[in-house]
Structures are given as structure tokens and as C-alpha cells.
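Numbering (my numbering), first residue to last: 1123 to 1481.
Cβ coordinates follow ideal geometry from the N, Cα and C atoms, glycine included.
Keep in mind that this is a model prediction, so the values were computed, not measured.
Following: one structure in C-alpha cells, then a few remarks.
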Ligand SMILES: Cc1ncc(COP(=O)(O)O)c(C=O)c1O
């Protein structure tokens, strides 16, 4: 089979080396004669995987000791609800920014539970953008400020984070581990694993321990951060295979210069695609330049017909998953950490060739 490059927005490309290792030890993990898929989560093999996963992640993101790492389920979507359920009490308010489809979902969910102030809204802006961090006017006494670090669908990303008194809460599903972050202003970061961390089924939460301590307890046990912190993310059966692959992915990132090394490569990769877009009038970027996502490059062609043809011809050429999200159309190249540079070069070559034939 000829080489395929997977531009899917998620579940997304995983490092080849990680998949190969998982394949090699699928039937017999570490000489145990059984698979990770059938091992007890209380057994020594899985406990070692779990511990290494946490330790590697802490090292990669330089997570201080006053933050806990939780491995949960339910996806980022469950965090849309768990965050306000845990952190907001009767009469309290949280600030949210609306930068696109995912932020909107987080807001809608929080509104079911608590009072939410949307203090900036760029959801409808075209070209797409995220709010200006420096211009935000937080609500006095707001318990936290929520934002979506990278809007996977529109391809707009925060380059500088809000600087407010309240702790920041961020959905970093489609950018976690792609760049270094200073955790000081943060109270909580959450991410579904299926873009940069591993397969779906695992949701990683980084949370300041004092926020867990002061969180609500009058909510169902399974939804309390406290439950999961106390049980070291083993309150119920964890998504063992996802945690195992996540552990292998953290090793893989470590072997590539850690987050700093990966960040450099990500900038090189996205830079090449954006240069190809900017080199001609035929292509136009969907996001304003200062908000362009390093992970999800969104762009348009002169007509919808050409976009459809681009998507189908590129797929036939082994460049799969370039069709934009159904809600916004256009094209989208998701080039997460594990996406190879040679796949980016293949896309750029295809773009030039497609324009020559259709421009
Ligand atoms: C930024 C962002 N937030 C939330 C989600 C929803 O994640 P999940 O499917 O894990 O609930 C996605 C999924 O694509 C996403 O990209």
C-alpha cells in the first residue's frame, strides 16, 4: 500500500514508533504472557504504566507539585460540565470567552449549572480569530476564566493567554503538549487525548490541588475531582489501553527533545503550510494571521466546488482527512505532534500542483 498521510482532526495520527511498539507487545506485555488489554488495573504492570505516564507528563510540561494530574473518561465534553459543577457554588459566577464552536459548547454546558458571563465573543467573526487577551474585562469576583486554547474547527489559537486575577481554566484538547506553557496563572487544564496524547477514551486534567480541596461535594461521586484525586484516578476502572498508549506517547515526545523540541518542529510544519497559502491568491487562510493555529491549518479555495475537488483528489493521492469540519466547510490540515514533516511537504507539493491544474 502506498504511503498515506492522516490529516484527521481527531482521533488523529499517532507516532508510528508508538503503534509499532504497541503491536509488538500486544499479545505479551513485558513477558507476562498476557496483553495490557486484559491486565488488571490493580496489577504491578499497569500500576507501573500509570506511574510512568504521570511522571513523564509532569516532566514534559514542567507541572509543579501543587498541581495534580488526573486521568478521567467522558472526553473534554464531560469537562465542560465537571468544571462548573465542581468549581462554582450557588451565586458564584465564572467568566467565559467564546472563540468558536468548542468554546460555545463549554459555555452552553456551564449555563445549565451556573451563572456565566461571556466577556468576549469572536465566535461569528470571519476571518476567524480568538479574543484579544489584553482587552478582556473580567467580572469582579469571577471564580475562574475559561477559554479554549485552540479552536480545532476554525483553526484559531490563543498566542498569549489572558492575564486576570481569577485562575485560568483552559480546554487544550487540540494543543496540549504542542508548546510550552507557564502553569502559574492556571487553575485547571483539560484535554481529550485523541489529538496529541493518544487514542480516545482518556481525558487528562491538570488541576491545582487547592481547587480540588475547595470543590463542591454535593454532586455525584463520579463527577467530583476530589474522588479522582483521592483514588489516584483509579476510583473506577481506568481506560487502561489508552493510558498505556498515552505513556508511550509521552516517552516518544521526551525522546524528541521534549515539548521544546516538538514545538520547534510544529512551528516548522505549520509555517510551511501557511507559506504555501500565502504564496498565492488561490488559497486564503481562514484565520487572521495573528491567531493562526499551529495544529489545525484552515484554508479556503476560490469556490466550494474547487474545495470539494481538492478534498477528493488529495485523498486519492494519499492525503487523507483534509475536508474542513461540516459546520464551516473549507479545508483543514490537522498537523498534530505526531504528524510527520514529510506529510506536510507532500501537502505543499499537492497544493502547488492543484493550483497549476485549476488556478
Ligand atoms: C477543542 C476541543 N474541545 C472539546 C472537544 C470534544 O472532545 P471530546 O470528544 O473528547 O468530548 C474537541 C473535539 O474535537 C475539541 O477539539
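Where residue i and residue j are concerned, what is the direct C-alpha to C-alpha distance, given to the nearest angstrom?
| i | j | result |
| --- | --- | --- |
| residue 1228 | residue 1165 | 36 Å |
| residue 1301 | residue 1385 | 5 Å |
| residue 1279 | residue 1420 | 12 Å |
| residue 1417 | residue 1235 | 31 Å |
| residue 1304 | residue 1478 | 44 Å |
| residue 1140 | residue 1322 | 15 Å |
| residue 1262 | residue 1200 | 27 Å |
| residue 1168 | residue 1137 | 21 Å |
| residue 1399 | residue 1473 | 9 Å |
| residue 1387 | residue 1423 | 27 Å |
| residue 1230 | residue 1313 | 18 Å |
| residue 1151 | residue 1368 | 16 Å |
| residue 1211 | residue 1379 | 42 Å |
| residue 1489 | residue 1264 | Lying outside 1123 to 1481, the shown extent of the chain, residue 1489 is not represented and no answer is given. |
| residue 1291 | residue 1159 | 33 Å |
| residue 1482 | residue 1277 | Residue coverage of the chain in this structure runs from 1123 to 1481, which leaves residue 1482 outside it and unanswerable. |
| residue 1348 | residue 1381 | 29 Å |
| residue 1248 | residue 1449 | 14 Å |
| residue 1336 | residue 1286 | 20 Å |
| residue 1353 | residue 1186 | 20 Å |
| residue 1222 | residue 1397 | 24 Å |
| residue 1243 | residue 1458 | 26 Å |
| residue 1257 | residue 1294 | 21 Å |
Nearest by alpha-carbon distance to residue i: which of the options is it?
| i | options | result |
| --- | --- | --- |
| residue 1216 | 1241, 1416, 1189, 1454 | 1241 |
| residue 1364 | 1185, 1125, 1197 | 1197 |
| residue 1409 | 1481, 1272, 1127, 1211 | 1272 |
| residue 1415 | 1456, 1423, 1448 | 1456 |
| residue 1193 | 1288, 1173, 1210, 1184 | 1173 |
| residue 1255 | 1220, 1381, 1382 | 1220 |
| residue 1252 | 1238, 1264, 1268 | 1268 |
| residue 1284 | 1190, 1387, 1124, 1266 | 1266 |
| residue 1404 | 1270, 1481, 1290 | 1481 |
| residue 1358 | 1370, 1369, 1344 | 1344 |
| residue 1315 | 1127, 1128, 1125, 1132 | 1132 |
| residue 1069 | 1257, 1249, 1247, 1214 | Summary: the structure shown does not reach residue 1069, with the chain confined to residues 1123 through 1481, and so no result is reported for it. |
| residue 1328 | 1467, 1142, 1355 | 1355 |
| residue 1080 | 1296, 1319, 1250 | The structure shown does not extend to residue 1080, since the chain is modelled only from 1123 to 1481, so the question has no answer here. |
| residue 1203 | 1476, 1437, 1383, 1346 | 1346 |
| residue 1184 | 1306, 1402, 1293, 1389 | 1306 |
| residue 1142 | 1374, 1243, 1437, 1401 | 1374 |
| residue 1324 | 1175, 1467, 1353, 1222 | 1175 |
| residue 1188 | 1351, 1475, 1146 | 1351 |
| residue 1402 | 1186, 1458, 1475 | 1475 |
What do you reckon, are the CB atoms on residue i and residue j nearer than 9 Å?
| i | j | result |
| --- | --- | --- |
| residue 1298 | residue 1334 | no |
| residue 1309 | residue 1330 | yes |
| residue 1259 | residue 1413 | no |
| residue 1469 | residue 1395 | yes |
| residue 1372 | residue 1182 | yes |
| residue 1081 | residue 1224 | Absent from the model: residue 1081. The displayed extent of the chain is 1123 to 1481, so no value can be given. |
| residue 1275 | residue 1163 | no |
| residue 1484 | residue 1206 | No information on residue 1484 is available, as it lies outside the stretch 1123 to 1481 that the chain covers here. |
| residue 1127 | residue 1407 | no |
| residue 1124 | residue 1376 | no |
| residue 1177 | residue 1370 | no |
| residue 1460 | residue 1444 | no |
| residue 1239 | residue 1218 | yes |
| residue 1442 | residue 1130 | yes |
Residue i: beta carbon under 8 Å from a heavy atom of ligand 1?
| i | result |
| --- | --- |
| residue 1280 | no |
| residue 1420 | no |
| residue 1446 | no |
| residue 1273 | yes |
| residue 1293 | yes |
| residue 1226 | no |
| residue 1408 | no |
| residue 1320 | no |
| residue 1455 | no |
| residue 1277 | no |
| residue 1214 | no |
| residue 1296 | yes |
| residue 1300 | no |
| residue 1383 | no |
| residue 1131 | yes |
| residue 1244 | no |
| residue 1415 | no |
| residue 1325 | yes |
| residue 1425 | no |
On the premise that residue j lies in contact with residue i, defined as a C-beta separation below 8 Å, what is that separation, rounded to the nearest angstrom?
| i | j | result |
| --- | --- | --- |
| residue 1361 | residue 1195 | 6 Å |
| residue 1317 | residue 1134 | 5 Å |
| residue 1435 | residue 1453 | Their Cβ separation, rounded to whole angstroms, is 12 Å, which puts residue 1435 and residue 1453 out of contact at 8 Å. |
| residue 1156 | residue 1366 | Contact doesn't hold; Cβ gap of about 13 Å is too wide. |
| residue 1208 | residue 1311 | Actually they do not touch by this definition, with Cβ atoms about 14 Å apart. |
| residue 1426 | residue 1451 | 7 Å |
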